[in-house]
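Asker: Below: one structure in structure tokens.
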Amino acid sequence: MAKEKQSVRLEHVSKIYQDPKTGKDFYAVQDANLMMEPGSFTCLLGPSGCGKTTILRMIAGFESPDEGEIFMGEVPINKLTPNKRDTAMVFQSYALLPHTTFLTTLPMALSCAN
Ligand SMILES: Nc1ncnc2c1ncn2[C@@H]1O[C@H](COP(=O)(O)OP(=O)(O)OP(=O)(O)O)[C@@H](O)[C@H]1O
Ligand SMILES: [Mg+2]
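In this note's numbering, the protein residues as written are 1 to 114.
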């Protein structure tokens, strides 16, 4: 059965990290609001360090927002572990799968999920 496509929505999402050099807290992402329509294709553009990967990691569930809520459809997903979300993420570096290509890596999550 075909899965229904869901929207992804960020409402006032922030993530605070600690600067390893100074020990001070800072906003890696501050008050992000974003609506991604079902079936749409979205690019996050911005300078290095502006929080793109942090946003992706929060959507995939590898990081938890310190403020705000992420929704899939109308369901809040902040408390769901990565395996309970219908998401897949390809990491920025080749750290995990150095032997594969883009074309074999990208569909891997989909083929695992049949
Ligand atoms: N685990 C962490 N602990 C502390 N600071 C972090 C951590 N992960 C990321 N940061 C910092 O948070 C900020 C946002 O990082 P992020 O990786 O989301 O940026 P980015 O937009 O993806 O950058 P790039 O274009 O270089 O990939 C940066 O200042 C980064 O150094
Ligand atoms: Mg990044």
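Yeah, the Cβ is synthetic: ideal placement off N, Cα and C, and Gly gets one too.
Quick one, which of Leu56, Asp66, Asp86 has its alpha-carbon nearest asparagine 114's?
Answerer: Asp86
Asker: Return yes when at least one heavy atom of ligand 2 lies under 6 Å from the C-beta of glutamine 92, else no.
Answerer: yes
Asker: At what residue ranges does the segment 39-110 contain a whole run of the beta strand (DSSP E), taking only runs of 3 or more?
Answerer: 67-72
Asker: Using C-beta distances below 8 Å, list every residue in its chain close to methionine 36, excluding the 5 sequence neighbours before and after it, in chain order.
Answerer: Around methionine 36, the same chain offers Ser7, Val8, Arg9, Thr42 as residues with beta carbons nearer than 8 Å, after the five sequence neighbours per side are excluded.
Asker: Just curious, the beta strand (DSSP E) that alanine 32 is in, first and last residue?
Answerer: DSSP places alanine 32 inside the beta strand (DSSP E), whose first and last residues are 25-36.
Asker: What are the residues that DSSP puts in a beta bridge with asparagine 18?
Answerer: A small fix is needed here, since residue 18 is glutamine in this sequence, not asparagine. DSSP lists Asp25 as partners of glutamine 18.
Asker: How about cysteine 50: is its Cβ closer than 6 Å to a heavy atom in ligand 1?
Answerer: yes
Asker: Should methionine 108 be labelled buried (16 or more other beta-carbon atoms within 10 Å of its own) or exposed?
Answerer: exposed
Asker: My guess is that valine 90 and threonine 54 are in contact by the Cβ rule of under 8 Å, so how many angstroms apart are they, rounded?
Answerer: At roughly 16 Å, the Cβ-Cβ gap does not stay under 8 Å, so valine 90 and threonine 54 are not in contact.
Asker: Does ligand 1 have even one heavy atom less than 6 Å from the beta-carbon of alanine 32?
Answerer: Alanine 32: no, Cβ never under 6 Å from ligand 1.
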